[in-house]
Amino acid sequence: MTFPLLTTMYGLPLLAVLVIFFVPERRALAIKIVSLTASAAALGLAVWLFFAYDRGVGGLQFVERVPWLGVLGVNYFVGANGVNVMLLLLTGVIITAGVLASWDVTYRPKEFFILLLTLTTGVFGVFMAYNLFLFFLFYEVSVLPMYLLIGIWGTGKKEYAAMKLTLYLMAGSALILAGLLGLYFASGKGSFDFDILSTAAYDPLFQRVFFPILFVGFGTLAALWPFHTWSPDGHSSAPTAVSMLHAGVLMKLGAYGCLLVPITLLPGGARFWLPSVAFLSVINIVYGSLSAVAQRDLKYIVAYSSVSHMGIVMLGLASMNEIALNGAVLQMFSHGIMTGLFFGLVGMIYGRSHTRMVNEQGGLAARTPALAAFFVLTGLTSLGLPGLSGFPAELSVFLGAFRAYPVVTVICVTGIVFTAFYVLRVVQRLFFGRQFLAHPASAQSTTLGFGDANRIELTALSLLMLFILAVGLYPLPFTTLIGTAVAPIAAKLGGM
Amino acid sequence: MPEQVLAAVLIPLFPLAAFVLAIAVSRRRSVLSAAASIAGIGAAFLLSLWVLRGQVLSPGPLQADIPWLAAGSIRISMGILVDPLSSLMLVIITAVSLLVQVYSLGYMKGDLGFGRFFSYLSLFSFSMLTLVLADNFILLYMGWELVGLCSYLLIGFWYQKPEAASAAKKAFVVNRVGDFGFLIGILVLSILSGTLSYGEATRFIAGGSLAPGQVTLIALLLFCGAIGKSGQFPLHVWLPDAMEGPTPVSALIHSATMVAAGVFMVARLYGIFMTSADALRVIASLGAFTAVFAALIALAQDDIKRILAYSTISQLGYMMLALGVGGYAAGMFHLTTHAAFKTLLFLGAGSVIHAVGTNDIWKMGGLGRRMPVTAITFFIAVLAIAGIFPVSGFWSKDEILQAARASGHLELYIVALVTVFLTGFYMARLFFVAFAGEPRAESHAHESPVVMTVPLVILGVLAAGLGLIGSPLLGQDIQRFLAPVEEHIGGLNIAVLVQSSALAVVGILAAVMVYGLRIVQPETLRRAAGPVYVVLKHKFFIDELYMALVRGLFFTTTAGIAWFDRHVVDGVVNFVGAASKWGGDVVRRGVTGKVQSYALVVVWGLAAALLVIFL
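This is the structure in structure tokens:
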């Protein structure tokens, strides 16, 4: 039997959860080291997978398939295609950086890391499961710990935000469950295995009815307008690492679900509904970026920025051609890393100045040059500067989307102007100009009494930035990899 | 000739390597940053000269590329194109960069960000060289955005100064507005022509495969990018504010090289622009308008760098005019001479600012005797920009005027002539107020150190003599090199020559009368101009208009959307939440858990049922 690479990947954080159960609460450092080791090892496996995946062959590789509840068509079936490889890599990077960013968690660290790693296990699982029952199982595992993480370790109106987010995502899950059962019964194949379901011929009416059910279910998690309002509240109340994982990985989980299930399995429904999705994605992009302009709280700005950038993913998915789909997946990866950086940085700034309001602090660059440099680079990624990962991703989406929806795409491209505006305005207010800090809790002072990023923070930031630069400087290995997975989908959709 | 291509590939890579090294050591060993940066650009300069020599000896396009992105049918490569146009640009960029960097050794001495400054300059050189070497639209766009980034970083170099931080943001955002059109143009072109390479796209479009309206659309969209980058009306507003950056930056980026990228882009894609007469007419008209518009504003400014900034806008308008009326070689020739004399003007201004510590020309005066090298070289540059025989600007400006006249658009020719007069006037005003007369403010002005004056002298020689290479007296080598097949490289046109020289001289003399000899007092002139002066002083109130639009329209819209999101979209969500909670509360009353109340319901129900049955 070959080495079960994929199972090991999600098994590592799960194992760490079990280990942490037996570590006493007061040994916080040991808990963190266990968490970091497991995350870094999982990241190592994801990197290895990235290089080991055979691009010439394509398709599902590293498949593990074990019969489980055979009668119901429920099997243990995991595998990875080009898209999975990218998203597993993303998860590995974000969780490793997230653990590093949580190094200063002092309140009940044991439970915190247990929940964080449970969530990670679920996310890894979703990105490799090819039995829809297993898929849904992992999906729920990744969504539920969020409630406790925000409710206990959050800030601000955390109970409200946690409840809202959980209920919202549960509503999405209900739609997904209904949709998945529909697929199962309508196929007549008696199996939840993805490859078996994808051979089923669903009748056109079924496709048109079930496509929106599944798409909205997953789309909620991807902040598809108008189902996005959980995101600003949720992100702004969540602790740093949770925001990073949530915006960085969980939102991608929604977009991935849209691509994997409704778009791939119901191409007829996709052709019927995706033009409407393109319309919604315009709202996501333009409305999201304009909302970000009006915000004053850093986390709200980043959250609306995420709404806007996920709109680009949705536009790519809605365009039905290979160029745009490739760009959409690259954008998932790019946005995941970028928003991880953003939330990480916001957490680090908050940890120093104890305010997230843009207008209550200024001139931080003189005190925290490294944080400023990382923030500027992240901002530049988000406004699509060449050399950083946002550019190839957005360019591919726009090049592809313009073929399918020229007018819609032109409106979406205005987003690059608005994004430049709010990003650079934040940079200007926060880092440039005169140094000041005006937080009600602290005394008015003209100089800021805190220092630059420490080693652990720098490690987390550099790890994330490494991937931004890798994709931005040389996207070819990434686009080739993604291409092996999205080409068959595009062919099925028949997009030009 | 593969070694020429190899050299061309290395040209941007040297400054890139210098950037990486310089930024790494910028905080601890800033001198090493400067050394690496100058070594990198020096090597790039020598290689550029060698590549230019190769192109002069045997002109002809050479290409090389490596794949960079593949998605579906799209293949994007990092490809370079070496031909007369790009090899000329390589030399201009590396030469100006080298001189400016050497000059900066003196100008930026003692600045806390010394190392950072040089690393940004190297990044800029890399980006700009990439931009001119690109053989496809995507790489062009990438270089285009990266030079914009460098401009942003360098305008905001003194980031603790609020004006600098604000000017940097403004520059980037205003450029983004132009780039929006540019990007859409690239998208349209990629769909209609199915390619992203210059060569294929130009052949496809020049071959008449598209409808005229489509070509015009593509050309004008691409031109939007040039409007932003080259500071053409109505997106010129960022360039004067960009003067908040250190003066060597203004010389390198905001006059000689980056802002000329828009002109270069039109020249590079001339095969596409030429196919649409409508697009060319728009370019010529906008260029001519910008030329006179900015020259008018320059008349009433008091900040030495802002005067020069408006003169840059005006001169870029001139180049656009040239390209618009078919003077491809004339436009590029003017770009070349302008690079020399405008860099000189800015570096001279920097030398002055370094000495007197102010930008206000009315606080200078009498600098001629104290700073002779600066004054003499500055004067040469003034003659060059005004277009006085036989200094460089004379020849290139003359070519543009000839092209404008030959195009048959008399109005464009007249506007260009008016601009010649205005240019002579405002430049002479600047020179005589700053350098002549008596010192007006107490200062200990002295000549700048040698690292600063040597670049001035070298540029002075270039500003004086460079025009001769393109002069009709000596065979117009630059024009023939750039456009060997173009027919209408004008010879010596005496009528144009006399008209333009006369106007330039009149402009200068008028300024001398007011600001030099004081036959008419400046104050009298200002009062006589009355409201005209106010309008010019406030730059036609364009900035105020834009601010009102941003505040009134844009911020209202964003606030409205944010409110809508919070209260309407999220309001529905909260309503659903509240409604289910309320519904739950209502239903919950029935489930009290008290057996007595359940029994009561059973009894009453039974009674009701019996009643119904029996009645």
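Residue numbers (our numbering), protein chains in the order written: chain A, 1 to 496; chain B, 1001 to 1615.
Note that beta-carbon positions come from the ideal geometry of N, C-alpha and C, so glycine has one too.
Out of V1005(B), I1414(B), E1447(B) and G1583(B), state which residue places its alpha-carbon closest to the alpha-carbon of I1353(B). E1447(B)
For T446(A), which three-state DSSP category applies? For T446(A), the predicted model reports a pLDDT of 46, less than 50, meaning its position is unreliable; a value from the coordinates is still stated below. Looking at T446(A) - three-state DSSP - the assignment turns out to be coil, as it is neither helix nor strand.
Apart from the five residues just before and just after L1047(B), which ones in its own chain have a Cβ nearer than 7 Å to its Cβ? A1007, L1010 and I1011
What's the call for D1477(B), buried or exposed, on a 16-neighbour Cβ count within 10 Å? exposed
In chain order, what are the residue ranges of uninterrupted alpha helix (DSSP H) at least 4 long that sit wholly in the region 1113-1179 of chain B? 1114-1133 and 1137-1155
Cβ of R403(A) within 8 Å of any chain B Cβ: yes
Count the CB pairs spanning the region 1341-1355 of chain B and the region 1364-1382 of chain B that are closer than 8 Å, and state whether there are at least three. yes
Completely contained alpha helix (DSSP H) runs for the region 1262-1308 of chain B, where each covers 4 or more residues: 1270-1274 and 1277-1299
What residues match up with M357(A) in a beta bridge as DSSP calls it? D297(A)
Own chain partners of K1537(B) with C-beta closer than 7 Å, once the 5 adjacent residues on each side are dropped: A1300
Alpha helix (DSSP H) runs wholly inside the region 261-332 of chain A, at least 4 long, in chain order: 267-282, 288-294 and 298-318
With a threshold of 7 Å on Cβ separation, who are the neighbours of A101(A) within its own chain once the five nearest residues in sequence on each side are excluded? T240, A241, M244, G344, G347 and A460
Nonlocal neighbours in the same chain, by C-beta distance under 7 Å from M357(A), ignoring five residues either side: R296 and D297
Name the residue from R434(A), F333(A) and V407(A) whose alpha carbon lies nearest to the alpha carbon of R367(A). R434(A)
Hey, quick one: how far does the alpha helix (DSSP H) through L75(A) stretch, first residue to last? At residue 75(A) the sequence reads Asn, which differs from the Leu that was named. Not the alpha helix (DSSP H): N75(A) falls in the beta strand (DSSP E), residues V74 to A80.
So, do the region 1120-1137 of chain B and the region 1067-1075 of chain B have three or more beta carbon pairs nearer to each other than 8 Å? no
With DSSP as the reference, please indicate the residues paired to E953(B) in a beta bridge. Shown here, chain B extends from 1001 to 1615; a query on residue 953(B) therefore has no answer.
Can you give me the start and stop residues for the alpha helix (DSSP H) that L1069(B) sits inside? Looking at the DSSP string, L1069(B) is not in any alpha helix (DSSP H); the run it does join, the beta strand (DSSP E), is L1062 to A1071.
Rounding to the nearest angstrom, what Cα-Cα distance links L1482(B) and Q1499(B) in this structure? 27 Å
Taking beta-carbon pairs under 8 Å, can you tell me which members of the region 405-434 of chain A lie near chain B? P406, T409, V410, V413, T414, I416, V417, A420, F421, L424, R425, V427, Q428, F431, F432, G433 and R434
Is it buried or exposed for S39(A), if we count other Cβ within 10 angstroms and need 16 for buried? buried
Taking only beta-carbon atoms, is T1312(B) less than 8 Å away from chain A? no
Which residues of the region 1164-1191 of chain B have a Cβ closer than 7 Å to any Cβ of chain A? Give them in chain order. A1165, S1166, K1169, F1172, V1173, R1176, V1177, F1180, L1183, I1184, L1187, S1190 and I1191
CB-CB under 8 Å to S1471(B), same chain, minus the five flanking residues each way: which ones, in chain order? P1390 and W1395
Cβ of L399(A) less than 8 Å from any chain B Cβ? yes
Is there at least one Cβ from chain A nearer than 8 Å to Y1546(B)'s Cβ? no
Looking at the secondary structure, which residues open and close the alpha helix (DSSP H) in which Q1101(B) lies? P1084 to Y1107
For chain B, find out if any of its Cβ atoms is closer than 8 Å to the Cβ of I323(A); answer yes or no. yes
Measuring straight from C-alpha to C-alpha, what distance separates L274(A) and L1220(B)? 32 Å
Quick check on A453(A) - is its C-beta less than 8 Å from some C-beta in chain B? no
Would M1547(B) be called buried (16 or more neighbouring beta carbons within 10 Å of its own) or exposed? exposed
A38(A) at chain B interface by Cβ criterion, 8 Å: no
Please classify N504(A) as buried or exposed, where buried requires at least 16 other C-beta atoms within 10 Å of its C-beta. The shown model of chain A, from 1 to 496, leaves out residue 504(A), and the question about it has no answer.
Any Cβ of chain A within less than 8 Å of the Cβ of I1650(B)? Since the first residue shown for chain B is 1001 and the last is 1615, residue 1650(B) is missing from the structure and cannot be characterised.
Look at the alpha carbon of A443(A) and the alpha carbon of L341(A), and state the distance between them as a whole number of angstroms. Bear in mind that a pLDDT of 49 at A443(A), under 50, signals an unreliable position, so the model cannot answer this.
Going by DSSP, what residue range makes up the beta strand (DSSP E) through E64(A)? Q61 to L69
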